[in-house]
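Everything on this sheet refers to the single structure shown next.
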Amino acid sequence: MHDVKRPVREALQQLEKMKMLESSYAEVNRYQSIINLFANLSYACELMADEIGERTGQRTEDVLAEYYKRAGINVE
């Protein structure tokens with residue numbers, strides 16, 4: 003079974019690492035804003051996948067994997 007949330011988790015981890023390397027408060031705040039937006043978008047995708055899964059009988063992970071594939075996000 004593939005971990006469909008891995009690409010999102012890895013992207014958030016990279017943003018956190020980049021934020022830690024910044025010394026200016028403005029840049030740290032900018033990275034934190036991007037991280038929060040990214041996390042909220044990820045959550046919105048999960049909510050939509052849950053709803054689609056309920057309507058179609060598919061598992062949430064399968065719905066996410068299908069849409070990630072369509073968007074060109076590698077889920078291996």
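Note that this note's numbering numbers the sequence shown so that position 10 is 12, with each residue one more than the last. Every residue, glycine too, gets a C-beta built ideally from N, C-alpha and C.
What residue range is occupied by the uninterrupted alpha helix (DSSP H) comprising residue 31?
For this step, residue 31 is matched to residue 29 along the sequence shown. Under the DSSP assignment, residue 31 falls in the alpha helix (DSSP H) whose first and last residues are 27–58.
List the whole-angstrom C-beta distance separating residue 43 from residue 6, where the pair is believed to meet the contact cut-off of C-beta under 8 Å.
Working through the sequence shown from its first residue, we reach residue 43 at position 41. Working through the sequence shown from its first residue, we reach residue 6 at position 4. A Cβ-Cβ distance of about 15 Å is found for the pair residue 43 and residue 6, leaving them out of contact under the 8 Å criterion.
Identify whether residue 65 lies in helix, strand or coil by the three-state DSSP scheme.
Taking the first residue of the sequence shown as position 1, residue 65 is located at position 63. In the structure shown, the three-state DSSP call for residue 65 is helix.
Where does residue 19 sit, in a helix, a strand or coil, going by DSSP?
Residue numbering aside, residue 19 sits at position 17 when the sequence shown is read from its first letter. Helix.
Straight-line gap, residue 31 to residue 22 (C-alpha atoms, nearest Å)
Within the sequence shown, numbered from 1, the residue matching residue 31 stands at position 29. Within the sequence shown, numbered from 1, the residue matching residue 22 stands at position 20. Distance between the alpha carbons of residue 31 and residue 22 is about 11 Å.
Is it a yes or a no for the region 33–42 touching the region 55–74, going by three-plus beta-carbon pairs under 8 Å?
Result no; under three Cβ-Cβ pairs closer than 8 Å.
Any idea if residue 45 is buried or exposed, counting beta-carbon neighbours within 10 angstroms, 16 or more meaning buried?
Along the sequence shown, read from residue 1 onward, the residue named residue 45 stands at position 43. Exposed: under 16 other Cβ atoms inside 10 Å.
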